[in-house]
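Residue numbers (my numbering): 806 to 1184.
For glycine and all other residues, C-beta sits at the position ideal for the given N, C-alpha and C.
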């Protein structure tokens, strides 16, 4: 049977003309709708007036805890002299060179005595050494006119910071609510930067963060809506830095190791009402998983960082997030079975696997064997 070509659509048929009319009608209705919508928007914009900002005339609510602090501050200001009038001659040269207004005096309590200390000006002195350079990152900080606040810092090493950074760290340890938000956030930034410059300082930085958060929680326990500025900034800043992990690792392996140590130890050390910051769990395991990649396992510093962190945090992580630990150690076992893993990394991974299988305890004889084998591998 021969195939005949289709005659095609008869455009003279009535239903074709009907379809054309329907399409033209639909297009016209859409154009009319868009035009009407634009006209309505123009009329609304023409009728809108620029809102005027008015300051509230009614006294806002102040929580009892803050009310007591403000009352004690005002009474202390009226009875105590201003220590800024007896500033040293060296500071006077800086003050005359830069005209910056001081903020209202703030009250602090030390050893039961009430004193008034004028907050530092917004002047940053020139950094002349490594310590001052470290403190100089916190732009907007100033040097206090008088050191009237004494805090027992025997348990914390803050000598590596400049004078202005030490002053703010002491203030944060005493009363974080007495500092401005940007200054309190800068305290954490400086602690994190120090840990990234010197990874061995990570634990001290984490302990300082824990101490500041404890005071912050205590000061805000009677507030209706606790802000916890330091704790919130800690989580946000660590998350931002974690998102730039690849760039940081390419720039400096030492800084990357310092950041991982600081983040993990913050989770391990910081406790809020007896509980860890569970919002940091994912970040902790993300960083540990990055250390378990084939590339980092070829670097001795990163291998030691992974081993030391798991030895310190392993028991607590197994109790709180055992499922994530199972996933992490599955990765470690795969790396151990890979023929591309270096001998030192194999040694550390086997030690971690055996340590966890024994309930994070190891007999002295086995521990001595691993110590001797590690020394031989390091040469």
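Paired residues, beta bridge with residue i - DSSP
i	result
residue 1080	1077
Closest by C-alpha distance to residue i, when choosing among the options
i	options	result
residue 963	1004, 1009 and 979	1009
residue 1044	994, 1017 and 980	994
residue 1087	1057, 1129 and 1151	1129
residue 1094	1003, 990 and 1107	1107
residue 1134	1162, 1113 and 1125	1162
residue 1082	1125, 833 and 1025	1125
residue 1073	1132, 823 and 1090	1090
residue 1015	981, 1002, 839 and 1028	981
residue 1092	1114, 1104 and 1103	1114
residue 1023	978, 835, 1136 and 822	978
residue 1184	1149, 1028 and 1167	1149
residue 1046	1017, 997, 1002 and 1026	997
Residue range of the alpha helix (DSSP H) that includes residue i
i	result
residue 993	986-1002
residue 961	Segment: none, residue 961 is in no alpha helix (DSSP H) and carries neither H nor E.
residue 818	Segment: none, residue 818 is in no alpha helix (DSSP H) and carries neither H nor E.
residue 1172	1169-1183
residue 1123	1105-1125
residue 1148	1148-1162
residue 1008	1007-1024
residue 972	968-979
residue 1087	1086-1096
residue 1051	1050-1056
Integer Cβ distance of residue i from residue j, believed to fall under 8 Å
i	j	result
residue 1096	residue 1111	4 Å
residue 1145	residue 1101	The pair is not a contact, with the Cβ atoms about 13 Å apart (cut-off 8 Å).
residue 1154	residue 1177	So it is not a contact: roughly 18 Å between Cβ atoms.
residue 965	residue 999	6 Å
Any chain B beta carbon closer than 9 Å to residue i
i	result
residue 1153	Of the chains in the structure shown, none is chain B; there is only one protein chain.
With contact counted as at least three CB pairs below 8 Å, one residue from each stretch, are the region 1019-1036 and the region 985-1000 in contact? Touching, yes.
So does the region 1065-1082 actually touch the region 1008-1025, counting three or more Cβ pairs closer than 8 Å? Verdict: yes, contact present.
So does the region 1111-1120 actually touch the region 1074-1084, counting three or more Cβ pairs closer than 8 Å? Result no; under three Cβ-Cβ pairs closer than 8 Å.
Touch check for the region 999-1007 and the region 1052-1064: three-plus C-beta pairs under 8 Å? Touching, yes, given that three or more Cβ pairs across the two stretches are closer than 8 Å.
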